[in-house]
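Worksheet: the structure to be examined is printed underneath.
Number of protein chains: 2
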Amino acid sequence: MRLEGVLVVDPIDGEYVADVSIEGGKIAYIETVDRNPSALLLPGFIDIHTHGAVGVDFLESSDWKEVERFFSSNGVTTFFPTSVSTSFERMVEFLRKAERSGRFAHLEGPYIAVEKKGAQNAEYIRPATIDEVKELLNYEAFRTITMAPEVNSPDIIELLERRGVRVSLGHSNATYEETLKAYSAGARRITHFPNALRSLHHREVAITGAGFLHDFYLELITDGIHVSKEMVQLIYTIKGCDRIILITDSISATGLDDGEYELGGLRVFVKNGIAKLEDGTLAGSTLKFIDGVKNFRKFTKCDLKCLAKVSSYNAAVHMGLENKGRISKGYDADLLLLDFDLNVIEVYRNGLRIFQSS
Amino acid sequence: MRLEGVLVVDPIDGEYVADVSIEGGKIAYIETVDRNPSALLLPGFIDIHTHGAVGVDFLESSDWKEVERFFSSNGVTTFFPTSVSTSFERMVEFLRKAERSGRFAHLEGPYIAVEKKGAQNAEYIRPATIDEVKELLNYEAFRTITMAPEVNSPDIIELLERRGVRVSLGHSNATYEETLKAYSAGARRITHFPNALRSLHHREVAITGAGFLHDFYLELITDGIHVSKEMVQLIYTIKGCDRIILITDSISATGLDDGEYELGGLRVFVKNGIAKLEDGTLAGSTLKFIDGVKNFRKFTKCDLKCLAKVSSYNAAVHMGLENKGRISKGYDADLLLLDFDLNVIEVYRNGLRIFQSS
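Just so you know, the sequences run in chain order E and S.
Residue 104 in the working numbering sits at position 110 of the first sequence, with consecutive numbering throughout.
Residue 38 in the working numbering sits at position 44 of the second sequence, with consecutive numbering throughout.
Encoded structure:
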């Protein structure tokens, strides 16, 4: 199969017009051509932080097919089903489901800080134990976890990172020093920055300041609600294109109407697309990945190469997905055809068309 | 007169070894030489925000000679006596004193926000009136003023800037939008950033976020108390060398022992060199300019050229002091001879030696 005369947007090689040939689910070869491009071709989006969509909550439900279809329509070709704080038994059950579906999973909690619980259920929040962590490490699907550094031992972070599980710091009240200890132990990401984190203060810059100053990847929800346009601009100014990872943090209400939903046993009220607990705490998002990408571009005026990094490549590199995130010979043919306003035209996964706009 | 074999540190031309000749109070010529430098030569420091030192408060006292000597010993060749919120009559009296001493003055308040008064006396805080401002504009010494944008009309800011008075935003609870209005009106500086300012929040980045994102000069107190080392690093990362202006914000207690002092009619308690009101609010500093310079270098690891910018050149450019802030032919011979650990050896103003270390 061959995509002809497209503007290839590769996070490393940048933009050029080419014909892209796909064989056996991989990018077989790319020939530059001299012509006006008909559309943009980007690496498929990777969402490493999503709790569900279209009525499906990854923790509650077993049938994830409907969500896959929905995500495809938003340009997502790889996603990490994400849990919330729950019992150990349900975490294991969740990892088994992820394993059966052939997906990597993200555990968000329960080893977080109660003071920064956000929309997580306090009932389940607790420090990690070495026994629980060792048990979780038996599951191949367990690829990343959000933990608060100040309530967990650096030894546990080190063990996880050594075993290939990427530790993301989040739902945390950590000081700058506490954050640096986790950095030294190997943690290299911060979850939905700077939401549910101790704020920057000019005499204690805290985990937020450490995120700015050190070589962390920062997850970013660009729905314009969790983080204002100006804060996105500031994060972009400081971190550049190489250390931002766009996520949706989407919940089951995503793609559905306003109404009442559930997240980790808590009631969530969605009004004008904004999901909140009864007390007004934001409870995930109803963001479609493609809209987050459009917002990021609108807020920062970044170029397309940068957009390919924050929407796909950075997540692939951080998570060790070696065949994903680039449009280059030998990479998986996870590809998005977009028009010049970034509307999704067609989506391919492993060379198969999984979405086409009507 | 001739300073031989010194490492010239110019904010534009950078570092080189030279003999520097001084005639008629100006730098007459500079000859590069091939030899190991004996000392550093920097432009004299410019402190645009100081309330006094060695027992002298610029608002209270008329004899500023003792302070001049003290500041010289810390490398300061130009300083702007700075008031605090007070009555209109006392502001006028203060400007007259500055005029008589041939110095430019900085009015810090009274047109500021009560919620962010810091160590300013609430009794005097009020919005500016056009009549007061017009009256103040009669004084040549009136060169800069700290105001809160949200309590004053942009028209007043515009008038001040048009008449050559640099408006600095400070002691302010302004939102991002309110700050931008003042920026549009011409304000280009923020006072002792980010002290006494509305904090950065990820959904309302406020005046602090505007300071990061827009082309403001930021005054910075690098005593390690007002702003932590990490916050200085973050500000430096975002703003670079061209938009930071080091200040002391020093009060009369500077250079004296711990004890009880006064500032704008409020009692100030100095303990371990830290000046606070009875309620714990920081009340200016007891920082010596040279120590702030040393701290900035230690915190940021910046090069010497950068140090010449933040300690002298940027203030000169911002304040329109055309003959100051550089080591270049024709500039005022306001010069510091420092050893390589940044200790002051000799200080010259207009080519005259005003300090020599014993």
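For each residue, glycine too, the CB sits at the ideal point set by N, CA and C.
Taking only the alpha-carbon atoms, compute the straight-line gap between residue i and residue j and give it to the nearest angstrom.
i	j	result
residue 136 (chain S)	residue -3 (chain S)	35 Å
residue 205 (chain S)	residue 15 (chain E)	49 Å
residue 240 (chain E)	residue 304 (chain E)	6 Å
residue 70 (chain E)	residue 115 (chain E)	28 Å
residue 245 (chain S)	residue 334 (chain E)	59 Å
residue 55 (chain E)	residue 85 (chain E)	13 Å
residue 294 (chain E)	residue 34 (chain E)	19 Å
residue 332 (chain S)	residue 195 (chain E)	34 Å
residue 76 (chain E)	residue 100 (chain E)	5 Å
residue 138 (chain S)	residue 321 (chain S)	25 Å
residue 218 (chain E)	residue 289 (chain E)	7 Å
residue 155 (chain S)	residue 161 (chain S)	7 Å
residue 172 (chain E)	residue 164 (chain S)	32 Å
residue 306 (chain E)	residue 337 (chain E)	17 Å
residue -5 (chain E)	residue 44 (chain E)	31 Å
residue 265 (chain E)	residue 243 (chain E)	17 Å
residue 210 (chain S)	residue 282 (chain S)	24 Å
residue 105 (chain E)	residue 1 (chain S)	55 Å
Excluding the 5 residues preceding and the 5 following residue i in the sequence, name in chain order all residues of the same chain whose CB lies nearer than 8 Å to its CB.
i	result
residue 18 (chain S)	345
Which first and last residues belong to the alpha helix (DSSP H) in which residue i is found?
i	result
residue 284 (chain S)	283 to 294
residue 231 (chain S)	223 to 233
residue 170 (chain S)	170 to 178
residue 299 (chain E)	298 to 302
residue 102 (chain E)	Looking at the DSSP string, residue 102 (chain E) is not in any alpha helix (DSSP H); the run it does join, the beta strand (DSSP E), is 99 to 102.
residue 52 (chain E)	Careful: residue 52 (chain E) lies outside any alpha helix (DSSP H) and carries neither H nor E.
residue 148 (chain S)	148 to 156
residue 131 (chain E)	Unbroken run through residue 131 (chain E): none, as it is neither H nor E.
residue 201 (chain E)	200 to 207
residue 60 (chain S)	59 to 67
residue 89 (chain S)	82 to 94
Of all the CB atoms in chain E, is at least one closer than 8 Å to the CB of residue i?
i	result
residue 197 (chain S)	yes
residue 268 (chain S)	no
residue 356 (chain S)	Missing from the structure shown is residue 356 (chain S); chain S here goes from -5 to 352 and no further.
residue 188 (chain S)	yes
residue 274 (chain S)	no
residue 203 (chain S)	yes
residue 221 (chain S)	yes
Going by DSSP, what residue range makes up the beta strand (DSSP E) through residue i?
i	result
residue 25 (chain S)	20 to 26
residue 329 (chain S)	329 to 332
residue 265 (chain E)	260 to 265
residue 338 (chain E)	338 to 343
residue 109 (chain E)	First-last for residue 109 (chain E): undefined, no H or E at that position.
residue 349 (chain E)	346 to 350
residue 253 (chain S)	253 to 257
residue 318 (chain E)	No beta strand (DSSP E) holds residue 318 (chain E); DSSP gives it neither H nor E.
Would a check of beta-carbon distances place residue i closer than 8 Å to chain S?
i	result
residue 227 (chain E)	yes
residue 206 (chain E)	yes
residue 194 (chain E)	yes
residue 123 (chain E)	no
residue 170 (chain E)	yes
residue 6 (chain E)	no
residue 280 (chain E)	no
residue 238 (chain E)	no
residue 231 (chain E)	yes
Going by DSSP, name the residue or residues bridged to residue i.
i	result
residue -4 (chain S)	S:15
residue 75 (chain E)	E:44
residue 244 (chain E)	E:279
residue 162 (chain E)	E:140 and E:183
residue 270 (chain E)	E:263 and E:276
residue 214 (chain S)	S:240
residue 4 (chain E)	E:8
residue 37 (chain E)	E:329
Leaving out five residues before and five after residue i in sequence, what residues of the same chain have Cβ atoms less than 7 Å from its Cβ?
i	result
residue 8 (chain E)	299
residue 343 (chain S)	38, 71 and 328
residue 233 (chain E)	212
residue 152 (chain S)	179 and 180
residue 339 (chain E)	33, 331, 332, 333 and 351
residue 147 (chain E)	none
Note down, in chain order, each residue of its chain lying with its Cβ closer than 6 Å to the Cβ of residue i, except the 5 sequence neighbours on either side.
i	result
residue 167 (chain E)	107, 109, 110 and 192
residue 248 (chain S)	47 and 280
residue 199 (chain S)	170
residue 297 (chain E)	none
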